[in-house]
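In terms of our numbering, the sequence shown opens at residue 38 and continues consecutively. Note sheet for the following structure.
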Amino acid sequence: MRNSIIIVIIIIIIIIIIIIIIIIIMRRDQVCAHLHYSICKALGIETTDKWYTHMPKTVYEQGDVTVLWNQAVHTDREVTANRPDIIIIKKRKHAHW
38 MRNSIIIVII IIIIIIIIII IIIIIMRRDQ VCAHLHYSIC KALGIETTDK WYTHMPKTVY
98 EQGDVTVLWN QAVHTDREVT ANRPDIIIIK KRKHAHW
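Here it is as structure tokens:
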């Protein structure tokens, strides 16, 4: 009986930890989506009227600037964290923002 209670408590603690991790990840994604929205607005890329309805596409292009969302970066050596949230690429070296 006592072991059963301990197992149930451990399972509840694990479930709570998983829920907290999911909430943290969702909050981080919302912050990155807001930043992506602001970058697109600043570059003149067409977006929604409200940042919270903005669903980032994988690739946005405007003139000489490309904004990538959640794309893997290929390097000459293995990097485990190779998927930044936002990448901004200028196609011309001397382009002015």
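Every residue gets a Cβ at the ideal spot worked out from N, C-alpha and C, and that includes glycine. Since this is a predicted model, take the numbers as computed values, not measurements.
- Counted as a single uninterrupted DSSP element, the stretch harbouring Y74 is not any beta strand (DSSP E) but the alpha helix (DSSP H) occupying residues 39-79.
- Rounded to whole angstroms, E115 and I56 show a C-alpha spacing of 31 Å.
- The Cβ-Cβ distance between P93 and A79 does not fall below 8 Å.
- When the beta-carbon positions are compared, T103 and I123 stay at least 8 Å from each other.
- Taking D86 as reference, the option from Y74, V110, G100, M63 with the minimal CA-CA separation is Y74.
- Residue range 102-106 is occupied by the beta strand (DSSP E) that includes V104.
- T90 is classed as exposed because its beta carbon has fewer than 16 other beta carbons within 10 Å across all chains shown.
- With a 10 Å radius around the Cβ and a threshold of 16 neighbouring Cβ atoms, T95 comes out exposed.
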